[in-house]
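Protein chains in written order, with this note's numbering: chain A, 35 to 204; chain B, 35 to 204.
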């Protein structure tokens, strides 16, 4: 499903959770740096918004590659407190077409900066109870520095630029 | 099981894989920074060497905490090539008592540098096929910067200082 298809689907400025969540998988254009008679494996960016519980194993499996020695992940979870108040859950809303486009830009920026292989960004929407994941970012690369730096960049940039909001249920 | 118990068990300078792998779990001494009438949750360092396949979900579950909003992970996987040669698997050996002590020092260093909550370091020994994990490091913290920096520090320091060797099967 392309970004445009998501744009033209049932999402609008309010968050609407799809009955079947959008899974956006694109091949990036960078050439493979390796050729060892393996089946060619195109680099991919996988972006998903969903109201379902996120799985760290599922997201990491999407980026693991025989060409890579490193996978770095960031998992954002709901904390039970905020500014001294007890928190029950966080409610996430996104302006989905723009959010998906902004995350796609972040993936593109990462590929300009570091030779990474696969990138996956999964964001949960709606209510996220304490200790459950609201976001999982995973990046694979041949060597460790690239994926570590890319994941830090991704979450910092996502927090600064992507139209996703959270409300505290206290 | 304490580090000393591992020291005095069947391990010696050659890698010997335990029939039941050592799982070392200690409470770190730092006080809890939060008190929200939750059950107190002591910080812990979990270090494990095993010949079994590593699970990213298992390791991440060990560090997820209701007090934390962030989990960062690094997963080292076997790459199918090294210096132009095709690789079938990597064989890992460790001088276990010293390796475990050095990882414990890294955990202690991390706690000096950043206010992290839980740290887990799992290392597989023996043969690790292409795309499978040889190491998983997971760190949780209230906010994201601390766990991201701690994971980078942990893998860089582990690679530089911990007596774990790999042989390529090409």
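C-beta: ideal position from N, C-alpha, C; glycine also.
Excluding residues up to 5 positions away in sequence, 192, 195, 196 and 197 lie with their Cβ nearer than 8 Å to the Cβ of residue 136(A) in the same chain. Secondary structure within the segment 134 to 159 of chain A: the beta strand (DSSP E) runs of 3 or more consecutive residues, fully enclosed, are 150 to 158 (chain order). At least 8 Å separates the CB of residue 153(B) from every CB of chain A. Close CB contacts of residue 132(A) within its chain, under the 7 Å cut and outside five residues either way in sequence, are with 197 (chain order). In this structure, the CA atom of residue 99(B) is about 29 Å from the CA atom of residue 79(A). Annotated three-state conformation of residue 184(B) is helix, per DSSP. Taking C-beta separations shorter than 7 Å and ignoring five residues to either side along the sequence, the partners of residue 94(A) in its chain run 105, 107 and 172, following chain order. The beta carbon of residue 164(B) lies closer than 6 Å to those of 112 and 114 in the same chain, with the five residues before and after it left out. Residues of the segment 101 to 129 of chain B with a C-beta less than 8 Å from any C-beta of chain A: 101, 102, 103, 104, 105, 106, 107, 108, 109, 110, 111, 112, 113, 114, 115 and 120, listed in chain order. Of the candidates 189(A), 199(A), 202(A) and 201(A), the residue whose Cα lies closest to the Cα of residue 110(A) is 189(A). For residue 121(A) against residue 202(A), the beta-carbon gap comes to about 5 Å, under 8 Å, which counts as contact. For residue 170(A), the CB contacts under 7 Å within the same chain, skipping 5 residues up- and downstream, are 88, 90, 93, 107, 109 and 156 in chain order.
Comparing C-alpha distances from residue 166(A) to each of 75(B), 82(B), 119(B) and 101(B) shows the shortest one belongs to 101(B). Taking the beta carbon of residue 96(A) as reference, no residue of chain B falls within 7 Å; the closest one sits roughly 12 Å away. Rounded to the nearest whole angstrom, the C-alpha separation of residue 126(B) and residue 185(B) is 21 Å.
Bridge pairing for residue 124(B): 162(B) and 202(B) [DSSP]. Boundaries of the alpha helix (DSSP H) harbouring residue 94(B): 90 to 97, taken from the DSSP string.
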